Amino acid sequence: MATHELLLLKNMSQPGYSGSLADYERAGGYQALKKVLGKIPPGDITEMVKKSGLRGRGGAGFPTGVKWSFIPKDHPGPRYLICNADESEPGTFKDRQLMERDPHQMIEGMIIAAYAIGVRTSYIYIRGEFVLGARVLERALAEAYQAGYLGKDILGTGFALDLYVHRGAGAYICGEETALLESLEGKRGLPRIKPPFPATHGLFQKPTVVNNVETLANVPHIVNRGAEWFASIGNPPKSSGTRVFCMSGHVKRPGNYEVPMGVTFREIIYDIAGGMRGDKPLKAFIPGGASAAFLMPEHLDVKLDFESVAQAGSMLGSGGITVMEEGTCMVWAAENLLHFFNHESCGKCTPCREGSSWLLQILRRIDHGKGKMEDLATLTRLCGNIAGRTVCAFGDAEIAPITSTLQYFRDEYEAHIREQRCPFRSQPAPELISVGR
Amino acid sequence: MTSAFSKAAQERIPGIIARYAEKRGALLPLLWLAQEEQGYVSEEAMKEIAGWLDLTPPQVYETVTFYTMYNRRPIGKYHIQVCRSLMCALVGTDNLLGWIHAKLGIKTGQTTPDGLFTLSQVECLGSCGTGPMMQINDDYYERLTQDKTNRVLDDVKREGKCPLATGPFMFPEPAQK
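Heads up: the protein sequence lines correspond to chains A and B, in order.
Per the numbering used here, residue 558 is the first one in the first sequence, and the count goes up by one each step.
Per the numbering used here, residue 87 is the first one in the second sequence, and the count goes up by one each step.
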């Protein structure tokens, strides 16, 4: 495929680039901030981001500029900007790289965003396990304060912003923006019922914007090179810009790759990630993190953009692409993911809390050769009772691995039940452990 | 009464609380501070934190129990956490657990008799392209083989750390000129 320009991974791809403030400035860093502060009215920045077509890179894909514009202009404040660095969607490891290798890119994006929406206090909510990431960010923030990019009178313009790192403590659900806000308030991370939306009642019930790391890292580039330029990259108007896709599973070259949206799964799996490990045939792939429905080899020519993946029956989600080779048991794969969802269900909504446990027990039974044919109908019924019946999108996410594997691999489920064993596993199945919370 | 926090830690607390418009916002950071101090979050520490933040001890406790990373009892000096989620499982979580068992003689949930290592299986740690992997205390060890796992465990046992820990993450690594 044609070569393309790197935006977000450009600096860190230079040999010797350390991510320090000095390195970032040498690479043109903080020029966007200087162009904006005191020179462009905040509202115009929001308009620029709207025009660029930038959509959220965390999973939901909400238009970023529109999100900013929902903050009430006449609110006395305070208002908050939160960077969602919880990166917890299985299959996703891009934000970790963006933060640890080029922290100032994201911080500059945050300062510009804070200026656009009139924020004086801002937090980076980073998942607790990323201890190194938190340290890198703390060091970068100290550098930015020292250089006058943060603090009371930024670059002598009178604009003030304080920025803090706030560590999570192990909870997938805190990547959901309202659960994140609860967690930041020192509570259990239970998603809130919406409305009201965070734009009016967010952190401490004040107007709040929550944006993903990769989303914010795009902002300086849009300011430097213009909304029209950004809107011409990828597959506009709905899918502008690049994405950092995270390749995992049975490919030769797993890792993070930044490409313009609109390349196909075939290109990213076979050209960019080097194709299948051991040259086995592709069996299935997950296109956008664990919450996205499985797709099949027949979907290889689907484009990696929001609309195309949705049309194929899944979602572009967080950009985590997990590839599975022939010989991978799909019942086992679904069971593994349901173990995750069962463990991570926050417990607020009954269909999700109880349903995830039931789903896991049934999958486990089938995988261990103790399934019954009527289990398949029960799975389908349970999934139908969870979808759309929970406060947040977790309920819809947890059923995706089951509904999609049942759709494409029903024969595999039936073989497990008929033969009373996993047709792919040569070893006896491990002991059947009961599921409990 | 003696405090669960050292004097140096106590001096940091007002600055942490000041970062938040409402005191309770400082709860997770103070729990982290308690765990740094003692290796786990004791009920005494929870009561002290409740006092600092004008909360009741149950309000602190209900928050502590929601999150997986706060230990409510002392564990081994080195906490090995192996990612069990699908992306790592596809490339060898089971192998890694076997290597650790062969080396240390412990299974998930167990601690070595010398109290040095505790083994846990955890959900996705954001290392999906570089599995199988484990986190030992603060550090990530990725793309593990049996030899590499043995070396990491030897080094950690002897020196508390290992140079094979992942630094600022990038994968694939940029080409060197």
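C-beta: ideal position from N, C-alpha, C; glycine also.
Just so you know, these numbers come straight off a predicted model, no measurement behind them.
Assumed close pair residue i, residue j - CB separation to whole angstroms, cut-off 8 Å
i	j	result
A136(B)	Q145(B)	7 Å
M173(B)	P647(A)	6 Å
I533(A)	Y970(A)	Summary: the structure shown does not reach residue 533(A), with chain A confined to residues 558 through 994, and so no result is reported for it.
L936(A)	L917(A)	Between L917(A) and L936(A) the Cβ distance is about 11 Å, and since that is not below 8 Å, they are no contact.
V816(A)	I829(A)	7 Å
D140(B)	K163(B)	About 35 Å separates the two Cβ atoms, so there is no contact after all.
R999(A)	I683(A)	The structure shown does not extend to residue 999(A), since chain A is modelled only from 558 through 994, so no value can be given for it.
G58(B)	F650(A)	This structure gives no information on residue 58(B), because the portion of chain B shown stretches from 87 to 263.
G926(A)	C979(A)	7 Å
G845(A)	G877(A)	6 Å
Test item: CB-CB of residue i and residue j under 8 Å
i	j	result
R612(A)	F863(A)	yes
F619(A)	R653(A)	no
T765(A)	R636(A)	yes
E695(A)	H807(A)	no
A847(A)	F897(A)	yes
I711(A)	L894(A)	no
S609(A)	L638(A)	no
Q124(B)	A90(B)	yes
C169(B)	S213(B)	yes
T179(B)	G743(A)	no
A699(A)	K709(A)	no
A704(A)	L590(A)	no
T235(B)	W185(B)	yes
R910(A)	E892(A)	no
N813(A)	R614(A)	no
Y126(B)	I161(B)	yes
A890(A)	A957(A)	no
V880(A)	A869(A)	no
M930(A)	L861(A)	no
M853(A)	Y965(A)	yes
Nearest neighbour of residue i, chosen from the options [CA to CA]
i	options	result
M663(A)	A830(A), S961(A), A673(A) and A697(A)	A697(A)
V606(A)	E657(A), N775(A), V770(A) and L718(A)	N775(A)
C906(A)	V888(A), R921(A), A890(A) and R946(A)	R946(A)
G783(A)	T649(A), T603(A), K709(A) and G876(A)	T603(A)
A954(A)	S875(A), P629(A) and T735(A)	S875(A)
Y587(A)	G746(A), P811(A) and A701(A)	A701(A)
E733(A)	I750(A), V722(A) and D719(A)	I750(A)
P254(B)	A869(A), G831(A), L689(A) and V820(A)	L689(A)
Y156(B)	P143(B), A175(B), L119(B) and L183(B)	L119(B)
T621(A)	M667(A), A890(A), P854(A) and M872(A)	M667(A)
Q762(A)	P100(B), T88(B), I99(B) and G111(B)	G111(B)
S805(A)	G217(B), E108(B), L202(B) and A188(B)	G217(B)
K624(A)	I674(A), A890(A) and I943(A)	I674(A)
A972(A)	I843(A), E855(A), M887(A) and L852(A)	M887(A)
H758(A)	E739(A), N768(A) and V859(A)	E739(A)
I779(A)	T735(A), W889(A) and K592(A)	K592(A)
Y574(A)	D631(A), Q868(A), G634(A) and D659(A)	D659(A)
E209(B)	V859(A), G685(A), Y721(A) and K927(A)	G685(A)
S796(A)	P811(A), V820(A), C949(A) and P598(A)	V820(A)
T151(B)	Q167(B), L117(B) and V177(B)	L117(B)
E901(A)	R677(A), E582(A), L655(A) and Y729(A)	Y729(A)
A995(A)	K567(A), I790(A) and E824(A)	Lying outside 558 to 994, the shown extent of chain A, residue 995(A) is not represented and no answer is given.
S626(A)	N942(A), M853(A) and F754(A)	F754(A)
L202(B)	L183(B), I222(B), L211(B) and A188(B)	I222(B)
H561(A)	W786(A), T799(A), G576(A) and K596(A)	T799(A)
W138(B)	I103(B), K189(B) and D233(B)	I103(B)
P811(A)	S789(A), R834(A) and G616(A)	R834(A)
Any non-hydrogen atom of the ligand SAM closer than 7 Å to residue i Cβ
i	result
T621(A)	For the structure depicted, the ligand SAM is absent and the ligand set is empty, with no information on it obtainable.
Identify each residue in the segment 572–583 of chain A for which the Cβ-Cβ distance to at least one residue of chain B is less than 9 Å, and report them in chain order.
Residues passing the 9 Å Cβ filter: P572, G573, Y574, S575 and G576.
Determine which residues of the segment 196–218 of chain B have a Cβ less than 9 Å from any Cβ of chain A, and write them out in chain order.
Here the close residues are V208, E209, C210, L211, G212, S213, C214, G215, T216 and G217.
Could you run through the segment 147–167 of chain B and flag, in chain order, every residue whose CB is less than 9 Å away from some CB of chain A?
Here the close residues are E148, T149, V150, T151, F152, Y153, T154, M155, Y156 and Q167.
Between the segment 118–150 of chain B and chain A, which residues of the former have a C-beta closer than 7 Å to a C-beta of the latter?
Of all residues in the segment 118–150 of chain B, those with a C-beta nearer than 7 Å to a C-beta of chain A are W118, E148 and T149, reading in chain order.
Which full runs of the alpha helix (DSSP H) of 4+ residues lie inside the segment 578–640 of chain A, going along the chain?
The qualifying runs are 578–583, 588–593, 599–609 and 621–626.
Uninterrupted beta strand (DSSP E) stretches inside the segment 97–173 of chain B (no shorter than 3 residues)
Entirely contained in the segment 97–173 of chain B, the beta strand (DSSP E) runs reaching 3 residues are, in chain order, 164–169.
Check distances from the C-beta atoms of the segment 791–820 of chain A to those of chain B and list, in chain order, the residues that come in under 8 Å.
Result list: C803, M804, S805, G806, H807, R810, P811, G812 and N813.
Quick check on the DSSP output: what are the complete beta strand (DSSP E) runs of length 3 or more inside the segment 768–823 of chain A, in order along the chain?
Counting whole runs of 3 or more residues, the segment 768–823 of chain A contains the beta strand (DSSP E) stretches 799–806 and 812–817.
Along the chain, which unbroken stretches of the beta strand (DSSP E) at least 3 residues long are found entirely within the segment 174–243 of chain B?
Counting whole runs of 3 or more residues, the segment 174–243 of chain B contains the beta strand (DSSP E) stretches 203–208, 220–222 and 225–227.
Give me the subset of the segment 87–107 of chain B whose CB atoms are less than 9 Å from a CB atom of chain A, sorted by chain position.
Per Cβ criterion, the list reads R105, Y106 and A107.
Below 7 Å between beta carbons is the criterion; list the residues of the segment 223–244 of chain B that meet it against any residue of chain A, in chain order.
Within the segment 223–244 of chain B, the qualifying residues are D224.
Would you list, in chain order, the members of the segment 680–710 of chain A that have their beta-carbon closer than 9 Å to a beta-carbon of chain B?
Those would be Y680, R684, G685, E686, F687, V688, L689, G690, R692 and V693, in chain order.
Taking a cut of 9 Å between CB atoms, which residues from the segment 852–880 of chain A lie near chain B?
Taking 9 Å as the cut-off between beta carbons, the residues of the segment 852–880 of chain A near chain B are G877, T879 and V880, in sequence order.
Given a limit of 8 Å on CB to CB distance, which residues of the segment 935–968 of chain A reach chain B?
From the segment 935–968 of chain A, no residue has a Cβ closer than 8 Å to chain B.
Taking beta-carbon pairs under 7 Å, can you tell me which members of the segment 244–256 of chain B lie near chain A?
For the segment 244–256 of chain B, which is checked against every Cβ of chain A, the residues closer than 7 Å are P254, F255 and M256.
Let me know the alpha helix (DSSP H) ranges lying completely inside the segment 835–884 of chain A, each 4 residues or longer, listed in chain order.
The segment 835–884 of chain A contains these whole alpha helix (DSSP H) runs: 863–868.
Chain-ordered residues of the segment 883–902 of chain A with a beta carbon less than 8 Å from chain B:
Taking 8 Å as the Cβ-Cβ cut-off against chain B, the residues of the segment 883–902 of chain A that qualify are T885, A890, N893, L894, H896, F897, H900 and E901.
Which residues of the segment 621–634 of chain A have a Cβ closer than 9 Å to any Cβ of chain B? Give them in chain order.
Those residues of the segment 621–634 of chain A that come within reach of chain B (Cβ to Cβ, closer than 9 Å) do not exist; the list is empty.
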